[in-house]
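**Student:** Below is the structure I would like to discuss, written out as structure tokens.
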Amino acid sequence: MALARITDPLAPYTRRSFSKLFLEGRQWLTDRFHEAALATRIDTAGNLIGRIDGSDPKAGTIIIGSHSDTVPSGGRFDGIAGVAAGLEIARVLRQRNIVLRHALEIVDFLAEEPSEYGVSCVGSRGMSGKLTSAQLQYSNSRGERLEEALARVGGDASRFAQAGRSDIRAAFELHIEQGTVLEAGGIDVGLVTAIVGITRIEIVFEGAAGHAGATPMHRRHDALVAAARLVDRVRIMAEEFAGRGKGYFVATTGVIETKPNASNVIPGSVRLVIDARSEFREALVEFRERLDQESLALGQAASVERTRFETLSDTLPSTCDEGLRQFLKAAADRLGLSWVDIASGAGHDTAFLSQIAPAAMVFIP
0 MALARITDPL APYTRRSFSK LFLEGRQWLT DRFHEAALAT RIDTAGNLIG RIDGSDPKAG
60 TIIIGSHSDT VPSGGRFDGI AGVAAGLEIA RVLRQRNIVL RHALEIVDFL AEEPSEYGVS
120 CVGSRGMSGK LTSAQLQYSN SRGERLEEAL ARVGGDASRF AQAGRSDIRA AFELHIEQGT
180 VLEAGGIDVG LVTAIVGITR IEIVFEGAAG HAGATPMHRR HDALVAAARL VDRVRIMAEE
240 FAGRGKGYFV ATTGVIETKP NASNVIPGSV RLVIDARSEF REALVEFRER LDQESLALGQ
300 AASVERTRFE TLSDTLPSTC DEGLRQFLKA AADRLGLSWV DIASGAGHDT AFLSQIAPAA
360 MVFIP
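Per numbering that gives the first Met the number 0, the sequence shown starts with residue 0, numbered consecutively.
Below, the structure written as structure tokens:
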């Protein structure tokens with residue numbers, strides 16, 4: 000793919016949102032939109048949109064889209080596969096002179112991946128009316144605010160509310176699975192049932208730093224002991240929740256920071272960040288409550304204090320529209336494609352679009 004060559008040479012397949020490479024990729028997409036005879040614009044939330052009008056102006060709009068930004072070394076097809084699929088549909092409709100009743104828009108949503116401004120899904124948040132004025136004031140490490148970055152890519156923070164839509168009748172997104180279920184099972188496509196909610200929790204244990212050689216074992220207040228035991232408990236609890244047969248559940252301890260972090264000093268402080276994901280809100284609430292209880296008990300058992308237990312972020316699960324899913328199942332059957340129902344363990348733009356319109360996702364291996 001030509002777009003795959005627009006990347007950081009030191010980190011292949013990298014186009015971070017708002018970067019020079021991202022803008023080069025956007026220009027490449029804009030050229031392709033024009034070649035497909037799409038009416039092309041950037042809305043106030045920074046989304047690149049290519050449109051084909053329908054025969055009935057009152058019928059509303061069908062959206063097909065994904066994103067062209069990536070995480071570092073995100074792979075050749077992450078995000079962009081969905082934009083390319085939508086573009087190909089539009090190209091074929093034009094080529095065959097097929098006019099739909101609904102308008103069709105192909106969308107490259109801005110900054111789906113977590114950005115350096117501390118917020119993800121910027122474009123789809125804007126389109127669904129979920130981008131806040133406070134978020135527009137978030138800054139990167141250089142002090143540039145998100146509202147300023149939005150202007151650099153063609154958006155307009157002073158009018159970002161105008162990106163909100165009420166005309167969308169259906170939204171579709173094709174995306175790589177980002178896992179191995181389809182590949183391992185030799186399955187052609189996954190039809191997404193729901194997109195998980197994500198709860199991130201910060202926990203801090205405080206003990207007492209001391210000399211690793213001069214402090215007897217019975218006099219230690221080692222914060223890492225409590226933290227290590229909690230890491231193990233997180234996995235055990237996650238396996239328990241996942242084994243209940245009540246939907247997808249995973250949990251990860253992705254951040255462990257010890258202080259003073261020296262080989263000859265007993266850890267006096269440890270910070271953990273735990274990421275829990277489920278398609279059911281009730282499971283996330285119960286997991287958080289259990290984690291609260293377990294971390295307190297483990298701190299006491301290790302003679303240290305749990306000084307912090309805070310929810311850093313908390314997003315709700317979103318369910319894909321069953322009517323659209325049935326349509327996709329019928330289409331897969333007609334094409335002779337094998338399919339499986341699958342939950343998305345990652346966040347996607349569709350999660351925000353589903354709050355304002357029927358939405359569905361297709362995973363490919």
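We treat Cβ as the ideally placed atom computed from N, Cα and C, and that holds for glycine.
Among G122, T214, E87, which one has its Cα closest to the Cα of L173?
**Tutor:** Within the sequence shown, the letter at position 174 stands for residue 173. It is E87.
**Student:** Shortest alpha-carbon distance to I79 belongs to which of M126, A3, L37?
**Tutor:** Walking along the sequence shown from the start, residue 79 turns up at place 80. Among M126, A3, L37, the Cα nearest to that of I79 is on A3.
**Student:** Using DSSP bridges, identify the partner residues of T251.
**Tutor:** Position 252 of the sequence shown, counted from the start, is the residue given in the question as residue 251. The partner list for T251 (beta bridge, DSSP) reads D274.
**Student:** Is the distance from the Cβ of E34 to the Cβ of V70 below 8 Å?
**Tutor:** By one-based count along the sequence shown, residue 34 stands at place 35. By one-based count along the sequence shown, residue 70 stands at place 71. The answer is no: Cβ separation not under 8 Å.
**Student:** If you run the structure through DSSP and keep just helix, strand and coil, what is K258?
**Tutor:** As a position in the sequence shown, residue 258 is number 259, starting the count at 1. Of the three classes helix, strand and coil, the one that applies to K258 here is strand, per DSSP.
**Student:** Taking only three categories from DSSP, how would you classify E172?
**Tutor:** Here residue 172 refers to the residue found at position 173 of the sequence shown. Strand.
**Student:** State the Cα-Cα distance for the pair S317 and A193, rounded to the nearest angstrom.
**Tutor:** Taking the sequence shown and counting its residues from 1, the one referred to as residue 317 is at position 318. Taking the sequence shown and counting its residues from 1, the one referred to as residue 193 is at position 194. Their Cα atoms are separated by approximately 6 Å.
**Student:** For V188, count neighbouring Cβ atoms within 10 angstroms of its own Cβ and tell me buried if that reaches 16, exposed if not.
**Tutor:** In the sequence shown, counting from the first residue as 1, residue 188 sits at position 189. Buried.
**Student:** How would you label L352, buried or exposed, when you count the other beta carbons within 10 angstroms and need 16 or more for buried?
**Tutor:** Counting from one through the sequence shown, the residue named residue 352 turns up at place 353. That one is buried.
**Student:** With burial defined as no fewer than 16 other Cβ atoms inside 10 Å of the residue's Cβ, what is the status of G45: buried or exposed?
**Tutor:** Sequence index remark: in the sequence shown, residue 45 carries index 46 (1-based). Flag for G45 reads buried.
**Student:** For R100 and G53, which I take to be in contact (beta-carbon distance under 8 Å), what is that distance rounded to the nearest angstrom?
**Tutor:** Your numbering for residue 100 matches position 101 in the sequence shown. Your numbering for residue 53 matches position 54 in the sequence shown. At roughly 5 Å, the Cβ-Cβ gap stays under 8 Å, so R100 and G53 are in contact.
**Student:** Buried or exposed, going by whether 16 or more other CB atoms sit within 10 Å of the CB of H210?
**Tutor:** Counting from one through the sequence shown, the residue named residue 210 turns up at place 211. So H210 counts as exposed.
**Student:** Between the Cα of S114 and the Cα atoms of V284, P259, F21, F326, which residue gives the shortest distance?
**Tutor:** In the sequence shown, counting from the first residue as 1, residue 114 sits at position 115. If we check each option's Cα against that of S114, F21 comes out closest.
**Student:** Using a 10 Å radius around the Cβ and a threshold of 16 neighbouring Cβ atoms, would you call L327 buried or exposed?
**Tutor:** For the purposes of this step, residue 327 is taken as residue 328 along the sequence shown, with counting starting at 1. Burial call: buried.
**Student:** Fully enclosed by the region 116–192, which beta strand (DSSP E) runs are 3 residues long or longer?
**Tutor:** For the region 116–192, whole beta strand (DSSP E) runs of length 3 or above, ordered along the chain, are 167–175.
**Student:** Taking the alpha-carbon positions, what's the I355 to S127 distance?
**Tutor:** For the purposes of this step, residue 355 is taken as the residue at position 356 of the sequence shown. For the purposes of this step, residue 127 is taken as the residue at position 128 of the sequence shown. Straight-line Cα distance between these residues: approximately 6 Å.
**Student:** Taking V106 and L149 to be in contact with their CB atoms under 8 Å, please state how far apart those CB atoms are, rounded to whole angstroms.
**Tutor:** Start at 1 with the first residue of the sequence shown, and residue 106 comes out as number 107. Start at 1 with the first residue of the sequence shown, and residue 149 comes out as number 150. With a Cβ gap of about 16 Å, V106 and L149 do not count as contacting.
**Student:** Taking just the CA atoms, how far does G125 sit from R90?
**Tutor:** Your numbering for residue 90 matches position 91 in the sequence shown. Your numbering for residue 125 matches position 126 in the sequence shown. Going by the C-alpha atoms only, they are around 27 Å apart.
**Student:** Skipping 5 residues on each side, what residues in its chain have a beta carbon closer than 6 Å to that of S268?
**Tutor:** Position 269 of the sequence shown, counted from the start, is the residue given in the question as residue 268. Correct list, in chain order: E205, A222, K258.
**Student:** When DSSP labels each residue in this structure, what does E238 get in the three-state scheme?
**Tutor:** For the purposes of this step, residue 238 is identified with residue 239 of the sequence shown, where counting begins at 1. DSSP places E238 in helix when its eight states are reduced to three.
**Student:** According to the neighbour-count rule (16 or more other Cβ atoms, all chains shown, within 10 Å of its Cβ), is E182 buried or exposed?
**Tutor:** By 1-based counting over the sequence shown, the position of residue 182 is 183. By the 10 Å Cβ count, E182 comes out exposed.
**Student:** Is it true that the CB of C319 sits closer than 8 Å to the CB of A359?
**Tutor:** By 1-based counting over the sequence shown, the position of residue 359 is 360. By 1-based counting over the sequence shown, the position of residue 319 is 320. Yes, these two residues count as a Cβ contact at 8 Å.
**Student:** On the three-state DSSP scale, how would you describe H220?
**Tutor:** By one-based count along the sequence shown, residue 220 stands at place 221. In the structure shown, H220 sits in a strand (DSSP, three-state: E or B).
**Student:** Please classify G242: is it buried, with 16 or more other beta-carbons within 10 angstroms of its beta-carbon, or exposed?
**Tutor:** On the sequence shown, residue 242 is found 243 positions in, with the first residue counted as 1. Exposed is the call here.
**Student:** Are the Cβ atoms of A102 and I51 separated by less than 8 Å?
**Tutor:** Numbered from its first residue, the sequence shown carries residue 102 at position 103. Numbered from its first residue, the sequence shown carries residue 51 at position 52. For A102 and I51, yes; Cβs fall inside 8 Å.
**Student:** Are three or more beta carbon pairs between the region 289–307 and the region 218–232 nearer than 8 Å?
**Tutor:** Yes, the region 289–307 touches the region 218–232.
**Student:** Can you grab the Cα-Cα spacing for the pair D55 / A169, in whole Å?
**Tutor:** In the sequence shown, counting from the first residue as 1, residue 55 sits at position 56. In the sequence shown, counting from the first residue as 1, residue 169 sits at position 170. For D55 and A169, the distance between alpha carbons rounds to 15 Å.
**Student:** So if DSSP puts L334 in a beta bridge, which residue, or which two residues, is it bridged to?
**Tutor:** Start at 1 with the first residue of the sequence shown, and residue 334 comes out as number 335. Answer is none; L334 lacks a bridge partner.
**Student:** Taking DSSP as the reference, what is the three-state secondary structure of H210?
**Tutor:** Position 211 of the sequence shown, counting from 1, holds the residue named residue 210. Looking at H210 - three-state DSSP - the assignment turns out to be strand.
**Student:** Taking the C-alpha atoms as reference points, what is the distance between G246 and A208?
**Tutor:** Locating residue 246 in the sequence shown gives position 247, counting from the first residue. Locating residue 208 in the sequence shown gives position 209, counting from the first residue. When rounded, the distance between both Cα atoms is 42 Å.
**Student:** From L297, D332, A36, D231, pick the residue whose C-alpha is nearest to that of R95; which is it?
**Tutor:** Your numbering for residue 95 matches position 96 in the sequence shown. Measuring from the Cα of R95, the nearest candidate turns out to be A36.
**Student:** Considering only the alpha carbon of each residue, which of E104, I97, L92 lies closest to G81?
**Tutor:** Within the sequence shown, the letter at position 82 stands for residue 81. The shortest C-alpha separation from G81 is found at E104.
**Student:** Assuming the contact rule is C-beta atoms closer than 8 Å, S337 and I186 should be a hit. Round their C-beta distance to whole Å, please.
**Tutor:** Position 338 of the sequence shown, counted from the first residue, corresponds to residue 337. Position 187 of the sequence shown, counted from the first residue, corresponds to residue 186. Yes, S337 and I186 are in contact; Cβ-Cβ is about 5 Å, under 8 Å.
**Student:** Measuring alpha carbon to alpha carbon, tell me which of V272, F240, P215 ends up nearest A227.
**Tutor:** Taking the sequence shown and counting its residues from 1, the one referred to as residue 227 is at position 228. Of V272, F240, P215, the residue nearest in Cα terms is V272.
**Student:** When you compare the CB positions of V230 and T252, do they come within less than 8 Å of one another, or not?
**Tutor:** One-based indexing of the sequence shown puts residue 230 at position 231. One-based indexing of the sequence shown puts residue 252 at position 253. Contact flag set, yes.
**Student:** Have a look at A300, A296, L297, E288 and flag the residue whose alpha-carbon is nearest the alpha-carbon of E309.
**Tutor:** If you number the sequence shown from 1, residue 309 lands on position 310. Out of A300, A296, L297, E288, E288 has the C-alpha closest to the C-alpha of E309.
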